[in-house]
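Positions in the sequence shown are counted from 1; adding 1 to them yields the numbering used here.
Note that the Cβ used here is the ideal one computed from N, Cα and C, for glycine as well.
Heads up: the structure comes next, in structure tokens.
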Amino acid sequence: MKIQIKYLNGIRFKRFIINSAQRINQMEQHLNDINVFPVADGDTGTNMASTMSSIVKGVNECKESSFTRISSVIADSALIGARGNSGAILAQFFQGLAEATKGKVRLSTEAFAQAATKAAEQARKAISHPQEGTIITVMKDWANHLAKNAHHTPDFVELFKKSLSKAKDSLAKTPDKLPILKKAGVVDAGAQGFVNILEGIVNFIEYGKMKSLRVIASTTNTMRSFNLDKVDSGINFQFCAECLLEGNDLDLEAMKQKVVFLGDSLIVASSINRAHIHIHTDKPEDVFTELSEFGTIVKTKVDDMYKQHTKIKFDTHTKSVGLVTDSTCDLPPEIIKKYNIQIVPIAIQVGKKSYLDQVEMKPKDFIHILETSNQKLSTSQPPPVFFTEAYNKIALKYESIISLHIAEKLSGTIQGARMGCKDMKHSNKIHIVDSKTTSVALGLLVAEAAQLIQERFSIEEIINRIKIAADHVKIFISIPTLKYLMRSGRLNKTKGLLGTLLNLKPILTINSDGNIVEAAKVIGQKRVIYKTADLAIQFAKSVKDPRFAIAHVAAPELAQWYSDKIRTIFNSSKIMITEASPALSIHVGIGGAAIAVLGDS
């Protein structure tokens with residue numbers, strides 16, 4: 002007997018969406034691979050999967066059965082969890098659907114078609130400069146087909162099957178509307194994802210469960226192989242910035258006009274009291290400042306698209322091991338870029354405001370705060386979800402992942418990493434390693450791991466060598482003033498004031514257990530500089546093949562002096578010099594520096 006569905010209530014729609022999310026999960030890597038518009042940053046599949054995952058979590062917690070309630074939960078969950086360009090568009094699509102079905106317990110095919118038409122229109126309105134040949138084109142063509150056929154097709158089974166065919170036809174034509182797609186030999190990734198969502202619904206209708214589908218959709222099988230080298234990156238701005246904003250009577254158009262001049266690919270998905278904003282920009286902090294006028298920013302996310310694009314090209318020669326660290330790791334940007342190292346940012350607290358290290362606040366910005374602000378300063382470890390996101394970004398690209406972090410005795414960062422991968426489906430490939438150190442000493446270990454990966458050592462051998470290296474790395478930190486140690490709470494004021502009176506200058510190091518201890522104490526600024534260099538040189542003489550790295554806090558001349566002094570004794574072709582992260586700067590203060598030495602036993 003032929004199955005028919007005459008109405009759509011919340012329970013049925015909930016099941017449809019859950020199965021659509023499963024289909025997106027199946028297609029995640031393929032969607033990443035064909036992602037060339039608006040920028041070739043290879044994350045459309047990941048973004049859509051993350052957005053759909055947020056939706057599924059929301060509907061699973063909702064026990065109500067009316068369409069209006071389930072649709073509202075889907076819309077809210079999409080706004081909260083939207084990720085990337087495609088995720089923001091989906092969020093506004095579902096917002097439009099919820100608005101059009103407000104108060105409805107169940108829908109006929111005609112009512113659903115009307116709602117889908119409004120949803121497609123709302124998705125288009127969210128975009129500052131809508132482009133045909135993308136997801137919004139397929140949404141529109143699909144919704145138009147529903148509207149034309151719903152009045153004489155009261156059965157959802159028949160309507161969804163026929164409308165899926167129309168959506169696939171529209172998808173196949175996206176390269177004709179967008180030259181960059183034709184040049185790359187692909188259909189639009191976001192549009193393909195929307196078709197996959199519809200496939201999930203139809204598959205569930207036909208089989209009652211998520212039957213396995215081919216990972217590559219038939220439409221894309223007709224296209225020639227995707228080749229990133231055939232297309233430009235399309236990247237006009239460095240960062241993909243997103244935020245979740247909460248307020249009252251939010252005005253979508255007003256928010257768009259407020260920040261449109263700061264970048265491109267602007268999408269504002271919004272309900273009356275919540276908005277998800279996506280933009281490509283060079284100034285994410287300015288975007289967030291402008292938007293804060295409309296309400297409270299409760300969540301931000303910033304991705305470096307230059308790095309993502311480089312990663313895609315890098316992955317055409319995929320290596321077996323991916324590398325993750327945190328932003329307490331001090332390394333020159335060119336090293337991070339060269340080895341495609343994923344950085345999980347710590348949070349910097351300035352008074353009551355929080356900023357993501359290296360993303361929302363660069364070292365020069367933090368130096369300015371150190372110089373001019375009297376507000377309380379502190380840092381905090383990344384939440385587990387930051388690690389989950391970092392691992393998910395690269396889990397499908399690598400056979401294994403090494404996650405190398407600041408000493409467990411100094412921070413809860415490693416615990417956050419463990420929690421972040423605990424329930425991941427790829428958790429078995431993630432190896433979390435305690436560096437027992439931080440700053441440029443951690444930087445040397447990360448660079449060492451990157452070199453071993455490049456030389457194709459096995460994951461077991463790399464981890465073993467890094468653990469041994471962690472026992473043979475030392476850092477010596479010169480403290481030019483006790484002011485910042487007192488300010489951060491690392492030194493009580495009585496001892497600090499006494500030390501300042503006596504002009505005492507400590508040199509700190511990290512012992513084998515991962516604790517900060519005093520390596521030496523001298524009187525006077527000149528002596529602390531010389532003593533720091535002497536301690537580093539003395540340790541370097543005790544190991545084989547010493548490698549050096551130097552971090553400084555607004556003191557490039559001092560860093561260069563240290564480098565020159567080391568070179569007079571050791572035949573070191575290159576000594577890494579970099580600005581210190583806020584995690585070090587907040588305690589050391591302006592004029593401070595650290596020398597790290599890694600040697601073989």
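In the displayed model, V554 falls within coil according to three-state DSSP, outside both helix and strand.
Secondary structure note for R419: its alpha helix (DSSP H) is the uninterrupted segment T414 to C422.
Every beta strand (DSSP E) stretch that sits fully inside the segment 372-408 and reaches 3 residues is listed by chain position as 378-381 and 401-406.
Collapsing the DSSP output to three states places Q23 in a helix. Straight through space, the alpha carbons of H146 and A173 are spaced by roughly 16 Å. Cα atoms of I511 and Q526: separation of roughly 22 Å, rounded to the nearest angstrom. Taking 8 Å as the upper bound for CB-CB distance, L108 and Y8 are in contact here, some 7 Å apart. Straight-line measurement puts the Cα of S355 at about 6 Å from the Cα of A348. A straight line joining the alpha-carbon of A594 with that of Y340 spans about 25 Å. Taking one beta carbon from each stretch, the segment 21-29 and the segment 77-96 have fewer than 3 pairs nearer than 8 Å; the two do not touch. In terms of Cα proximity to I298, the closest of A242, L332 and G46 is A242.
Non-local C-beta neighbours of T47 in its own chain, meaning closer than 7 Å and more than five positions away in sequence, comprise E29, N33, N393 and K394, ordered along the chain.
Q123 is positioned such that its CB atom lies no closer than 7 Å to that of G104. Contact annotation: V351 and Q376 have beta-carbon atoms nearer than 7 Å. The beta-carbon separation of V474 and L453, rounded to 15 Å, does not stay under the 8 Å limit for a contact.
Spanning the alpha carbons of V386 and I337 requires a straight line of approximately 22 Å. S436 places its beta carbon less than 7 Å from that of A471. In the displayed model, R457 falls within coil according to three-state DSSP, outside both helix and strand. Within 10 angstroms of the beta-carbon of T533 lie 16 or more other beta-carbons, which makes it buried. Taking the CA atoms as reference points, Q455 sits about 13 Å from E462.
When DSSP states are grouped into helix, strand and coil, T110 belongs to the helix group.
Between G201 and N20, the C-beta spacing is below 7 Å. A residue is called buried when at least 16 other Cβ atoms come within 10 angstroms of its Cβ; A451 meets this threshold and is buried. Look at the beta carbons and you see the segment 243-261 not touching the segment 63-74: under three pairs across the two are nearer than 8 Å. C330 has S440 as its beta-bridge partners, per DSSP. Measuring C-alpha to C-alpha distances from S72 to each of A144, A127 and R13 identifies R13 as the nearest. For I591, no alpha helix (DSSP H) segment is defined, and its DSSP state is neither H nor E. Around the beta carbon of Y531, a 10 Å sphere encloses fewer than 16 other beta carbons of the protein chains shown; the residue is thus reported as exposed. The Cβ atoms of I551 and I596 lie closer than 7 Å to each other. Judged by DSSP in its simplified three-state form, D287 adopts helix. With respect to E409, I415 sits close: the two C-beta atoms are nearer than 7 Å.
In this structure, the CA atom of N36 is about 13 Å from the CA atom of T175.
Closest by C-alpha distance to D327, out of V269, T389 and H277, is T389. Here F238 is near D283, since their CB atoms are less than 7 Å apart. The shortest CA-to-CA distance from L559 to any of F571, S582, I591 and D546 is the one to I591. Apart from the 5 residues on each side of it in sequence, K522 sits with its Cβ closer than 8 Å to the Cβ of L505, K506, P507 and I508 in its chain, given in chain order.
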